[in-house]
Amino acid sequence: MVIHNAANVIVALVCLGLIDALESGTIEVDDAEQLLFSPYMKKMLRGSAPALSEAVGLGMELDDLREIVPTEFRPTLQRIREIAQRYLANSDRAKFDRDWIERLI
0 MVIHNAANVI VALVCLGLID ALESGTIEVD DAEQLLFSPY MKKMLRGSAP ALSEAVGLGM
60 ELDDLREIVP TEFRPTLQRI REIAQRYLAN SDRAKFDRDW IERLI
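For the sequence shown, position 62 (counting from the first letter as 1) is numbered 61 according to numbering that gives the first Met the number 0, and the numbering increases by one without interruption.
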(Lines of atoms letter the chains of each structure in order from A; the text may use other names.)
(Lines give C-alpha, C1' and ligand atoms only; values in the text may rest on other atoms or scores of the structure.)
Protein backbone atom coordinates (compact mmCIF):
# COMPACT_ATOMS: atom_id res chain seq x y z
CA MET A 0 0.00 0.00 0.00
CA VAL A 1 1.43 3.36 -0.95
CA ILE A 2 1.49 6.14 1.59
CA HIS A 3 -1.09 8.32 -0.13
CA ASN A 4 -3.50 5.39 -0.13
CA ALA A 5 -3.04 4.98 3.64
CA ALA A 6 -3.85 8.67 4.12
CA ASN A 7 -6.91 8.35 1.90
CA VAL A 8 -8.14 5.34 3.88
CA ILE A 9 -7.82 7.40 7.05
CA VAL A 10 -9.73 10.28 5.43
CA ALA A 11 -12.53 7.87 4.45
CA LEU A 12 -12.70 6.53 8.01
CA VAL A 13 -12.76 10.05 9.47
CA CYS A 14 -15.48 10.94 6.99
CA LEU A 15 -17.62 8.05 8.24
CA GLY A 16 -17.07 9.07 11.84
CA LEU A 17 -18.02 12.67 11.12
CA ILE A 18 -21.23 11.59 9.39
CA ASP A 19 -22.19 9.44 12.39
CA ALA A 20 -21.42 12.31 14.77
CA LEU A 21 -23.45 14.75 12.68
CA GLU A 22 -26.42 12.39 12.54
CA SER A 23 -26.38 11.85 16.28
CA GLY A 24 -25.98 15.56 17.00
CA THR A 25 -22.66 15.00 18.76
CA ILE A 26 -20.97 17.64 16.59
CA GLU A 27 -22.17 20.56 14.48
CA VAL A 28 -21.55 21.08 10.77
CA ASP A 29 -19.01 23.80 11.63
CA ASP A 30 -16.97 21.22 13.53
CA ALA A 31 -16.98 18.84 10.56
CA GLU A 32 -15.96 21.68 8.25
CA GLN A 33 -13.00 22.54 10.46
CA LEU A 34 -11.91 18.90 10.67
CA LEU A 35 -12.37 17.71 7.09
CA PHE A 36 -15.00 19.36 4.89
CA SER A 37 -12.89 22.26 3.61
CA PRO A 38 -11.73 23.58 0.22
CA TYR A 39 -8.13 22.70 1.15
CA MET A 40 -8.97 19.03 1.77
CA LYS A 41 -11.08 18.86 -1.39
CA LYS A 42 -8.12 20.16 -3.40
CA MET A 43 -5.63 17.82 -1.69
CA LEU A 44 -7.77 14.76 -2.47
CA ARG A 45 -8.63 15.69 -6.05
CA GLY A 46 -5.57 14.01 -7.57
CA SER A 47 -5.27 10.85 -5.48
CA ALA A 48 -8.89 10.14 -4.51
CA PRO A 49 -11.48 11.94 -6.67
CA ALA A 50 -14.35 10.13 -4.95
CA LEU A 51 -13.23 11.35 -1.53
CA SER A 52 -12.79 14.84 -2.98
CA GLU A 53 -16.43 14.63 -4.07
CA ALA A 54 -17.48 13.53 -0.57
CA VAL A 55 -15.59 16.45 0.97
CA GLY A 56 -17.25 18.80 -1.53
CA LEU A 57 -20.66 17.52 -0.49
CA GLY A 58 -19.67 18.01 3.14
CA MET A 59 -18.80 21.62 2.37
CA GLU A 60 -22.43 22.16 1.27
CA LEU A 61 -24.04 20.76 4.43
CA ASP A 62 -24.43 24.07 6.24
CA ASP A 63 -26.20 25.66 3.27
CA LEU A 64 -28.36 22.59 2.72
CA ARG A 65 -29.45 22.55 6.33
CA GLU A 66 -30.63 26.15 6.05
CA ILE A 67 -31.87 26.40 2.45
CA VAL A 68 -33.03 22.87 1.58
CA PRO A 69 -33.29 21.02 4.91
CA THR A 70 -34.94 18.00 3.26
CA GLU A 71 -31.64 17.32 1.45
CA PHE A 72 -29.47 17.36 4.58
CA ARG A 73 -29.87 13.70 5.62
CA PRO A 74 -29.81 12.33 2.04
CA THR A 75 -26.52 14.18 1.51
CA LEU A 76 -25.09 12.68 4.70
CA GLN A 77 -26.09 9.26 3.35
CA ARG A 78 -24.45 9.99 -0.01
CA ILE A 79 -21.20 11.00 1.71
CA ARG A 80 -21.35 7.80 3.77
CA GLU A 81 -21.85 5.68 0.64
CA ILE A 82 -18.92 7.33 -1.14
CA ALA A 83 -16.59 6.72 1.82
CA GLN A 84 -17.77 3.12 2.23
CA ARG A 85 -17.32 2.44 -1.49
CA TYR A 86 -13.81 3.91 -1.33
CA LEU A 87 -12.91 1.65 1.59
CA ALA A 88 -14.44 -1.41 -0.06
CA ASN A 89 -12.34 -0.82 -3.19
CA SER A 90 -9.11 0.25 -1.48
CA ASP A 91 -6.00 -1.86 -1.17
CA ARG A 92 -6.69 -4.40 1.58
CA ALA A 93 -3.03 -4.68 2.61
CA LYS A 94 -2.50 -4.29 6.32
CA PHE A 95 -0.76 -1.25 7.71
CA ASP A 96 2.69 -1.92 9.10
CA ARG A 97 3.27 -1.02 12.73
CA ASP A 98 5.08 2.16 11.69
CA TRP A 99 2.48 3.31 9.14
CA ILE A 100 1.88 6.61 10.94
CA GLU A 101 5.59 7.48 10.85
CA ARG A 102 5.69 6.91 7.11
CA LEU A 103 2.47 8.86 6.67
CA ILE A 104 3.70 11.99 8.39
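By construction, the Cβ of each residue, glycine as well, lies at the ideal position given by its N, Cα and C atoms.
- Minimum Cα-Cα distance from Leu87 among the listed residues Gly58, Gln33, Ala48, Pro74 corresponds to Ala48.
- Inclusion of Val28 and Lys41 in the CB contact set at 8 angstroms is not warranted, their separation being larger than that value.
- Secondary structure note for Ala88: its alpha helix (DSSP H) is the uninterrupted segment 72-89.
- The beta-carbon distance between Leu44 and Val13, rounded to whole angstroms, is 12 angstroms. This is too long to meet the 8 angstroms contact definition.
- At a cut-off of 4 residues, the continuous stretches assigned as alpha helix (DSSP H) that sit fully inside the stretch 10-54 are 28-34, 38-45.
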